[in-house]
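Novice:
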Amino acid sequence: MTAVHGTATEFVPMLFRAKLANVRPLVNMLKTISFRPRARCIISPDGLVFAVEESQCLVAQAYLRAELFTTFSYNVQLAEYYRNQEQEAFEDEVSQDGEQSDATQVVLPLDNLIECLTLFYGPAGTSASSTQSSSISATNLYTSGNPGDLRGATTAVIGFKGPGADFELMLEERGTISQCRLSTFVPEPPVDLRFSHYPTTQQLIIQSKWLRDAFNELDPTSESVHISIASTEPHFRISTMGENGSTDMTYSNSERILDSFFCNEDQENQYNLSLILKCKQALAMSDKTKIRINQRGFLSFQFMIPTSADVSFVNFVFAPLVSADEPVAPATARV
Amino acid sequence: MRLRTLVSNSTLLLRVVQSIDKLSKSAILKLTPTRLQIIVITELDSGLQLWCDLAADAIFKDYLIESAHNNEIYVEFNIDNLQRALRSTQSGALSVSMKLAKRQGLPVLSIIIRSQSGSGHEVSLIQDVPVRMLSAQQMEQIQEPTLPDGQVHFMMPPLNNVRSIAERMKGMGDRVAVSANREGEMRVRVANDLVDVTTYFRGLETMTLDATQEVEVDGEFHTAVIDMKNFLRFLQSYHVAPKNVVCCIVEHHAVIFYVYVGSAGYGGAAALNETSCGSLTYFLPVRQI
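Protein sequences, first through last, are from chains H and U. The opening residue of the first sequence carries number 1 in the working numbering; numbering runs sequentially from there. The opening residue of the second sequence carries number 336 in the working numbering; numbering runs sequentially from there.
#1: In the DSSP assignment, find the unbroken beta strand (DSSP E) run with H/Leu108 in it and report its ends.
#2: Can you name the start and end residues of the alpha helix (DSSP H) that H/Glu80 belongs to?
#3: Quick one: is U/Thr424 buried, meaning 16 or more other Cβ sit within 10 Å of its Cβ, or exposed?
#4: What are the complete alpha helix (DSSP H) segments, minimum 4 residues, inside the region 393–451 of chain U?
#5: Any chance the region 460–476 of chain U sits against the region 557–572 of chain U, with 3 or more Cβ pairs inside 8 Å?
#6: For H/Gly47 and H/Glu67, what's the separation of their Cα atoms in angstroms?
#7: Rounded to whole angstroms, how far is the Cβ of H/Leu277 from the Cβ of H/Ser222, which I believe are closer than 8 Å?
#8: Less than 8 Å between CB atoms is the rule here; does U/Asn496 satisfy it with respect to chain H?
#9: Name the residue from H/Arg296, H/Ile42, H/Ser252 and H/Val317 whose alpha carbon lies nearest to the alpha carbon of H/Ala79.
#10: Quick one: what's H/Cys180 bridged to in DSSP?
#11: Whose CA, out of H/Gly245, H/Asn253 and H/Leu283, lies closest to the CA of H/Ser208?
#12: Given this structure, state the Cα-to-Cα distance separating H/Asn22 from U/Pro493, to the nearest angstrom.
#13: By DSSP, does H/Gln295 sit in helix, in strand, or in coil?
#14: For U/Leu371 versus U/Leu389, is the C-beta spacing smaller than 8 Å?
#15: Are the C-beta of H/Ile177 and some C-beta of chain U separated by less than 8 Å?
#16: How would you label H/Gln87, buried or exposed, when you count the other beta carbons within 10 angstroms and need 16 or more for buried?
#17: Report yes or no: is there a C-beta of chain U within less than 8 Å of the C-beta of H/Pro147?
#18: Hey, would you say H/Leu275 sits closer than 8 Å to H/Ile206, going by beta carbons?
#19: Could you name the residues of the same chain whose beta carbon sits closer than 7 Å to that of U/Leu482, not counting the 5 residues immediately before and after it, in chain order?
#20: In the DSSP assignment, find the unbroken beta strand (DSSP E) run with U/Met563 in it and report its ends.
#21: Do H/Val157 and H/Lys31 have their beta-carbon atoms positioned less than 8 Å apart in this structure?
#22: Quick check: the Cα distance between H/Asp102 and H/Asn244, rounded to an integer number of angstroms?
#23: Going along the chain, which residues of the region 155–167 of chain H sit with their C-beta nearer than 8 Å to a C-beta in chain U?
#24: Got a sec: which bits of the region 31–47 of chain H sit with their beta carbon under 8 Å from any beta carbon on chain U, in order along the chain?
#25: Are the C-beta atoms of H/Arg194 and some chain U residue less than 8 Å apart?
#26: What is the rounded straight-line gap between the Cα of U/Leu348 and the Cα of H/Arg38?
#27: Less than 8 Å between C-beta atoms, sequence neighbours within five positions excluded: which residues of the same chain meet that for U/Glu518?
#28: Just the chain U side, please: which residues come within less than 7 Å of H/Leu182 by C-beta, in chain order?
#29: My assumption, with CB atoms under 8 Å, is that U/Ile394 sits in contact with U/Ile400. Please give the rounded CB distance.
#30: Give a yes or no on whether the minimum CB-CB distance between U/Glu540 and chain H is below 8 Å.
#31: U/Arg537 versus chain H: which residues are under 7 Å apart at the beta carbon?
#32: Does the beta-carbon of U/Lys396 have 16 or more other beta-carbons within 10 angstroms, so that it is buried, or is it exposed?
#33: Using a cut-off of 9 Å between C-beta atoms, extract the partners of H/Pro109 located in chain U.
#34: Does the beta-carbon of H/Lys288 have 16 or more other beta-carbons within 10 angstroms, so that it is buried, or is it exposed?
#35: List, in order along the chain, the chain H residues whose C-beta lies closer than 8 Å to that of U/Ser450?
#36: Can you give me the Cβ contacts of H/Thr184 inside the same chain, cut-off strictly under 6 Å, excluding the 5 residues immediately before and after it?
Okay, here's the thing in structure tokens:
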């Protein structure tokens with residue numbers, strides 16, 4: 001266990017404190033990136049970002065804007081004070097690319113965080129886990145995916161005192177209270193796939209239901225998935241080649257399917273399918289998905305998830321396997 | 336040695352046996368002219384123990400028991416076998432009776448279920464549950480754990496709430512600290528290197544089992560650290576009166592749960608002794624490091 005932060009008589013001010021009337025949206029957002037045990041939490045006046053990375057070729061981030069919380073307070077001056085203290089201790093610290101200067105970063109155990117937030121969800125083992133089902137169906141940010149779960153809302157107060165302190169949660173439901181403390185870790189330099197460093201050559205916005213259909217068709221025995229976007233028909237194609245044969249989903253640039261479409265340069269790239277499939281849960285909760293590919297073939301999925309306030313985002317960035325030179329097997333189904 | 340009786344409340348007996356089903360493979364049945372006791376010992380000294388004590392007349396009628404040792408009979412049986420036999424009594428039986436018998440030279444508890452077939456004939460179904468006879472000396476060795484008096488006694492909050500929360504906490508550690516004070520607050524805490532969770536239940540009814548003892552109301556918490564596995568086993572095992580459960584904390588020794596059987600509805604501490612026909616007592620020893 002981490003050392004007790006301060007004594008009972010010593011007042012340590014809160015660096016960050018937020019209140020949630022219902023933990024469900026937070027839990028569902030966190031579950032979209034819960035394929036890694038630890039997450040980086042970036043706290044800024046705008047809200048919270050939880051980020052995970054895998055194998056140095058996938059980065060996923062869930063954005064929780066301050067407006068989603070009932071109250072949200074972040075002490076910017078105190079954050080700067082702690083940052084200066086750290087810089088004095090580590091004189092050769094290099095500032096990170098793209099990092100907000102007033103943000104605080106901390107690494108915490110994501111699976112334990114979700115376990116704590118779902119403490120009052122009811123009998124364990126009855127909650128549906130959509131990562132186990134092979135097909136994706138739409139889910140709502142406000143449901144637990146478990147029709148038998150009729151419990152009321154759990155409220156939460158989240159707090160963090162600063163570097164070295166535990167991440168604190170106080171949960172309440174119908175008079176029962178739970179206090180949780182999660183150990184935190186000093187963040188290492190983040191894996192930055194630097195998507196924005198290169199021009200976006202292709203971009204489209206597709207209604208997520210079409211993308212869910214495509215994902216359900218993908219052959220999981222295939223190691224890679226080919227994604228190609230072109231200025232001529234078929235404009236958008238996703239295909240796999242596995243032990244069971246090949247699958248091919250194509251989309252044309254029709255208003256009914258693609259909300260927007262932009263293609264500067266025809267490109268086809270391959271990505272690791274098992275990594276691509278990690279975004280299934282985010283896809284399930286989203287209304288629309290923005291797909292972008294940059295000049296280096298890096299792929300970005302931005303999932304737009306409806307929330308009470310507005311729209312919340314979950315981003316996934318993938319590094320390509322290899323730039324394919326030959327076209328994939330001939331088109332079959334055309335949407 | 337003779338045992339012959341009608342089982343007037345086979346449902347109650349079945350529920351008691353269902354409660355102990357997940358605790359162990361076998362249990363001991365001790366029958367006396369007035370009491371029926373079921374004992375489950377998982378591991379001597381360090382394991383969970385269940386001692387169930389029921390009034391014989393809550394379950395039996397026309398009860399005949401004779402033996403050389405105070406008319407008491409002691410047997411060991413397989414819980415699953417007895418449970419299956421008792422389940423057969425639930426589908427519209429006219430009468431159920433039980434006797435001690437021998438089949439091929441081996442002792443069995445024979446349960447006879449009389450029911451009416453569709454055509455109006457009486458049908459008898461006999462379920463034989465093999466048992467191992469225990470001698471008086473062997474029974475002598477089996478004693479309820481001796482413990483000092485507990486520091487605090489209180490009524491548990493609804494067990495299904497505690498159970499679902501404990502099930503979600505179980506991945507965080509194999510030990511759980513159960514604490515309570517005399518102001519009706521209970522704490523359940525699990526911790527490991529990464530996470531530390533304490534859940535508070537408040538507004539619980541406290542009491543003392545000895546009416547003459549004055550209850551000092553104070554906020555001091557008394558704690559016993561027990562095996563999470565045993566805690567869950569208890570929480571998952573209730574089939575009888577889950578609303579009337581008393582918890583007793585014997586600091587540094589054990590957590591004891593008293594489940595009162597046969598009480599109808601929630602009457603609080605006052606109703607416990609009036610309407611119950613017996614109890615199940617679960618001993619959860621403090622985990623030895």
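Ideal Cβ positions, reconstructed from N, Cα and C, are used throughout, including at glycine.
Specialist: Considering the structure as presented:
#1: Here the question's residue 108 of chain H lines up with position 108 in the first sequence. It spans Thr104 to Pro109 - the beta strand (DSSP E) in which H/Leu108 sits, taken as one unbroken run.
#2: In the first sequence, counting from the first residue as 1, residue 80 of chain H sits at position 80. H/Glu80 -> alpha helix (DSSP H) spans Val76 to Ala89.
#3: For the purposes of this step, residue 424 of chain U is taken as residue 89 along the second sequence, with counting starting at 1. Buried, since its Cβ has 16 or more Cβ neighbours within 10 Å.
#4: 414–422
#5: no
#6: Working through the first sequence from its first residue, we reach residue 47 of chain H at position 47. Working through the first sequence from its first residue, we reach residue 67 of chain H at position 67. If you draw a straight line from the Cα of H/Gly47 to the Cα of H/Glu67, it is about 8 Å long.
#7: By 1-based counting over the first sequence, the position of residue 277 of chain H is 277. By 1-based counting over the first sequence, the position of residue 222 of chain H is 222. So it is not a contact: roughly 11 Å between Cβ atoms.
#8: What you label residue 496 of chain U is simply residue 161 of the second sequence in a count that begins at 1. True, the Cβ-Cβ gap to chain H drops below 8 Å.
#9: Position 79 of the first sequence, counting from 1, holds the residue named residue 79 of chain H. For H/Ala79, the nearest C-alpha among the options comes from H/Ile42.
#10: Residue numbering aside, residue 180 of chain H sits at position 180 when the first sequence is read from its first letter. According to DSSP, H/Cys180 bridges with H/Leu169 and U/Val532.
#11: As a first step, residue 208 of chain H is located in the first sequence; it is residue number 208 there, counting from the start. With distances taken between Cα atoms, H/Ser208 lies closest to H/Leu283.
#12: Here residue 22 of chain H corresponds to residue number 22 of the first sequence, with the count starting at 1. Here residue 493 of chain U corresponds to residue number 158 of the second sequence, with the count starting at 1. Taking the straight line from one Cα to the other gives about 23 Å.
#13: Sequence index remark: in the first sequence, residue 295 of chain H carries index 295 (1-based). H/Gln295 falls in the coil class under three-state DSSP.
#14: For the purposes of this step, residue 371 of chain U is taken as residue 36 along the second sequence, with counting starting at 1. For the purposes of this step, residue 389 of chain U is taken as residue 54 along the second sequence, with counting starting at 1. Closer than 8 Å, so yes.
#15: Position 177 of the first sequence, counted from the start, is the residue given in the question as residue 177 of chain H. Interface residue, yes.
#16: Working through the first sequence from its first residue, we reach residue 87 of chain H at position 87. H/Gln87 should be labelled exposed.
#17: Residue 147 of chain H sits at position 147 when you count from the first residue of the first sequence. The predicted model places H/Pro147 with a pLDDT of 42, which falls under 50 and marks its position as unreliable, so this point remains unresolved.
#18: Along the first sequence, read from residue 1 onward, the residue named residue 275 of chain H stands at position 275. Along the first sequence, read from residue 1 onward, the residue named residue 206 of chain H stands at position 206. No, they are not a contact pair.
#19: To locate residue 482 of chain U, count along the second sequence from 1; it is residue 147. Close CB contacts of U/Leu482 within its chain, under the 7 Å cut and outside five residues either way in sequence, are with Val585, His588 and Ala589 (chain order).
#20: Start at 1 with the first residue of the second sequence, and residue 563 of chain U comes out as number 228. Segment Met563 to Leu570 is the alpha helix (DSSP H) holding U/Met563; no beta strand (DSSP E) there.
#21: What you label residue 31 of chain H is simply residue 31 of the first sequence in a count that begins at 1. What you label residue 157 of chain H is simply residue 157 of the first sequence in a count that begins at 1. Cβ atoms of H/Lys31 and H/Val157: not closer than 8 Å.
#22: Counting from 1 along the first sequence, the entry for residue 102 of chain H is found at position 102. Counting from 1 along the first sequence, the entry for residue 244 of chain H is found at position 244. Taking the straight line from one Cα to the other gives about 51 Å.
#23: Asp166
#24: none
#25: Counted from its first residue, the first sequence places residue 194 of chain H at position 194. Closer than 8 Å: no.
#26: Here residue 348 of chain U corresponds to residue number 13 of the second sequence, with the count starting at 1. Here residue 38 of chain H corresponds to residue number 38 of the first sequence, with the count starting at 1. Rounded to whole angstroms, U/Leu348 to H/Arg38 spans 49 Å at the Cα level.
#27: Locating residue 518 of chain U in the second sequence gives position 183, counting from the first residue. Correct list, in chain order: Thr541, Val552, Asp553 and Gly554.
#28: By 1-based counting over the first sequence, the position of residue 182 of chain H is 182. What H/Leu182 touches in chain U: Leu529 and Val530.
#29: Walking along the second sequence from the start, residue 394 of chain U turns up at place 59. Walking along the second sequence from the start, residue 400 of chain U turns up at place 65. U/Ile394 to U/Ile400, Cβ: 13 Å. No contact.
#30: If you number the second sequence from 1, residue 540 of chain U lands on position 205. So no, U/Glu540 is outside the interface.
#31: Looking up residue 537 of chain U in the second sequence gives position 202. The answer, in chain order, is Gly175.
#32: The count along the second sequence starts at 1 and reaches residue 396 of chain U at position 61. Label assigned to U/Lys396: exposed.
#33: If you number the first sequence from 1, residue 109 of chain H lands on position 109. Within chain U, the residues near H/Pro109 are Leu529 and Val530.
#34: Start at 1 with the first residue of the first sequence, and residue 288 of chain H comes out as number 288. Answer is buried; the Cβ neighbour count reaches 16.
#35: Stepping through the second sequence from its first residue, residue 450 of chain U is reached at position 115. Ordered by position in chain H, no residue passes the 8 Å Cβ test against U/Ser450, which lies about 35 Å from the chain.
#36: Position 184 of the first sequence, counted from the start, is the residue given in the question as residue 184 of chain H. Cβ neighbours of H/Thr184 beyond the five flanking positions: Val106, Leu108 and Phe167.
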